[in-house]
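Numbering that gives the first Met the number 0 puts the sequence shown at residues 0 to 295.
Virtual Cβ for every residue (Gly too), placed ideally from N, Cα, C.
First up is the structure itself, then whatever we jot down about it.
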Amino acid sequence: MANQQAPRIGDLVRSGERSFSFEFFPPRDAAGEEQLWQAIRDLEPYRPTFVSVTYGAGGSTRDSTVRVTGRIARETSMTAMAHLTCVGHTRAELEDILDSYTEAGIGNVMVLRGDPQEGPRAPWTPTDGGLTYAQDLVELVRGRGDFSIGVAAFPEGHPSAESLDHDADVLVAKARAGAEFAVTQMFFRAEDYFGLVDRVRARGVDLPILPGIMPILNLGNIRRQGELIGTDVPAVVVERIMAHDGDPAAMRAAGIALAAELCEQLLAGGAPGLHFYTLNRSKATREIFAALNMAV
């Protein structure tokens with residue numbers, strides 16, 4: 000049984016110990032539910048600093064997000080964080096969701112503006128009676144309860160940002176509004192991450208920024224996702240994976256090796272930890288941990 004009072008992730012990330020965390024999404028059916036809980040069981044022995052559960056476009060998984068996050072908090076030893084977005088919700092609805100998180104024993108929230116239903120590059124239109132920016136939602140969450148607040152960061156800039164400097168200004172504003180830590184979108188060059196950290200530090204903010212890791216298990220899928228969210232898959236990465244074209248096992252192994260190398264570069268350069276996008280499976284994450292010599 001988990002503790003009633005969950006640790007604050009902001010405090011954990013600032014503790015000086017490296018943070019390792021895993022992200023899941025609410026399952027769509029019974030088979031997905033079983034796959035999710037198998038991944039959770041497989042990864043719990045790694046004693047992650049926290050795990051997070053995403054929130055579907057337009058609030059489509061609201062109830063599932065609350066249910067899954069609450070169950071992790073109740074039934075496992077892991078600290079659970081729920082996501083929350085502005086998309087499709089009025090201020091009153093957002094307040095109700097935060098109250099349901101409190102009732103479920105969830106004290107950590109990842110606050111996001113969220114993407115329009117049409118995708119991250121579609122024009123943003125606020126919901127009537129809702130909020131416009133992630134910063135607005137940070138301020139709402141901060142005033143609604145004693146939540147530890149995380150926010151998103153974009154090493155290559157958000158698709159709608161006019162420049163990397165503007166993007167850093169937005170992240171700094173979220174920190175000053177009450178965010179305690181950030182987790183980045185996926186990326187494949189360590190220098191992109193460190194560039195973001197440098198821009199934020201140059202603005203006088205010491206917000207911990209956790210790099211988000213997505214191993215390339217299917218190059219086509221990652222490229223399509225990257226195009227949507229503004230993440231570049233570097234030519235050198237493509238070359239190393241395509242060197243094994245026709246051998247799916249070798250291509251997958253190359254993707255794992257590249258992810259492990261990126262993790263090593265990030266940790267060696269001073270990143271406070273690593274956040275793994277698991278896609279509700281544990282194998283790739285466990286393989287990266289093995290490559291990093293970080294067994295259970």
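Query: Pick helix, strand or coil for P210, following the three-state DSSP scheme.; Result: strand
Query: Express the C-alpha separation of E138 and F180 in angstroms, rounding to a whole number.; Result: 15 Å
Query: Please classify S14: does DSSP put it in a helix, a strand, or coil?; Result: coil
Query: May I have the straight-line CA-CA distance separating A289 from N279, to the nearest angstrom?; Result: 19 Å
Query: So who's on the other strand from A181, going by DSSP bridges?; Result: V150 and I208
Query: Could you tell me whether any Cβ in chain B is nearer than 8 Å to the Cβ of L35?; Result: The structure shown contains no chain B, having only a single protein chain.
Query: Considering A248, what are the terminal residues of the alpha helix (DSSP H) in which it resides?; Result: P247 to A267
Query: For A253, which of G31, E238 and Y192 has the nearest alpha-carbon?; Result: E238
Query: For F193, which of helix, strand or coil comes out of DSSP?; Result: helix
Query: Can you tell me whether S281 is buried or exposed? The criterion is at least 16 other CB atoms within 10 Å of its CB, across all chains shown.; Result: buried
Query: Tell whether a beta-carbon distance below 8 Å holds between L111 and I96.; Result: no
Query: Let's see if you can read the secondary structure: which residues bound the beta strand (DSSP E) around T84?; Result: A79 to T84
Query: What does the alpha-carbon distance come out to for the pair G87 and A167?; Result: 26 Å
Query: Could you compute how far the alpha carbon of I240 sits from the alpha carbon of T230?; Result: 17 Å
Query: Could you check the C-alpha separation between D197 and E286 for me, to the nearest Å?; Result: 30 Å
Query: Quick check on H165: buried or exposed, where buried means 16 or more other Cβ atoms within 10 Å of its Cβ?; Result: exposed
Query: Is the beta carbon of V65 closer than 8 Å to that of A103?; Result: yes
Query: What would DSSP say about E161, mapped onto helix, strand or coil?; Result: coil
Query: To the nearest angstrom, report how far apart A72 and T78 are at their CA atoms.; Result: 6 Å
Query: Determine the DSSP secondary structure at V232, reduced to helix, strand or coil.; Result: coil
Query: Taking the C-alpha atoms as reference points, what is the distance between A189 and I221?; Result: 17 Å
Query: Let me check understanding here. Comparing Cα to Cα, which of L93, L291, P26 and H274 lies closest to P184?; Result: Here residue 184 turns out to be Gln, not Pro, going by the sequence shown. Considering only alpha carbons, the answer is H274.
Query: Might you give, ordered along the chain, the residues of its own chain that have their beta carbon closer than 6 Å to the beta carbon of V52, omitting 5 neighbours on each side?; Result: F23, T64, V67, T68 and A81
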